[in-house]
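Notes to accompany the following structure.
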Amino acid sequence: MMSDPTTIDYLAHDAVRAKYVLIIREDRPWHHVEEMHDQLKRKVDTYFQYIKEGEVAKQYPGVTPADCAITLICRQPPGPASLAFFDYVRQVLAADAIEFTFLLHPGATLS
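Every letter in the sequence shown is one number past the one before it in this note's numbering, and letter 26, counting from 1, is 1198.
Structural data, given as structure tokens:
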């Protein structure tokens, strides 16, 4: 969850994309946008450091930052401001060859 910036929620290998994906799970509705963007920034910073400091490579020898991606999976659809923020995060991480993607969970609540 984004509200706990100190943990890695999930780490999985995506054989189709040939990437090691660090997954951020978010179940809350996007009501407090500024607070949630701050939480996402802190969580992504944690994931970025985990990748750049070689922690993924310790688990999977030979993995480089370019072999990694960060994916945010949400159960509630974000609004336009959040989608714009995700684009910003994507651009920042791309400078270090790390992909960022956003997915809406298949069981998402559309309201």
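In this text, a Cβ means the ideal position worked out from N, Cα and C, and glycines have one as well. None of the values given here were measured: they were computed from a predicted structure.
Beta strand (DSSP E) segment containing residue i, residue limits
i: D1186; result: 1182-1186
i: V1193; result: 1191-1198
i: T1273; result: 1271-1276
Straight-line gap, residue i to residue j (C-alpha atoms, nearest Å)
i: H1277; j: D1181; result: 15 Å
i: D1268; j: H1203; result: 31 Å
i: Y1232; j: L1194; result: 13 Å
i: A1184; j: A1266; result: 20 Å
i: F1272; j: R1262; result: 5 Å
i: P1177; j: Q1211; result: 7 Å
i: K1230; j: P1237; result: 12 Å
i: V1228; j: V1235; result: 7 Å
Buried versus exposed call for residue i [16 or more other C-beta atoms within 10 Å across all chains shown]
i: A1187; result: exposed
i: P1250; result: buried
i: D1239; result: buried
i: K1215; result: buried
i: M1208; result: buried
i: M1174; result: buried
i: K1191; result: buried
Beta-carbon separation (whole angstroms), residue i vs residue j, contact threshold 8 Å
i: Y1219; j: I1245; result: The Cβ separation is near 13 Å, so there is no contact.
i: I1196; j: I1270; result: Wrong, their Cβ atoms sit about 13 Å apart, outside the cutoff.
i: G1279; j: R1247; result: 7 Å
i: A1253; j: V1205; result: 5 Å
Delimiting residues of the alpha helix (DSSP H) encompassing residue i
i: T1218; result: 1205-1224
i: A1241; result: It is not in any alpha helix (DSSP H) - A1241 instead sits in the beta strand (DSSP E) that spans 1240-1246.
i: P1252; result: 1252-1266
i: V1228; result: 1227-1231
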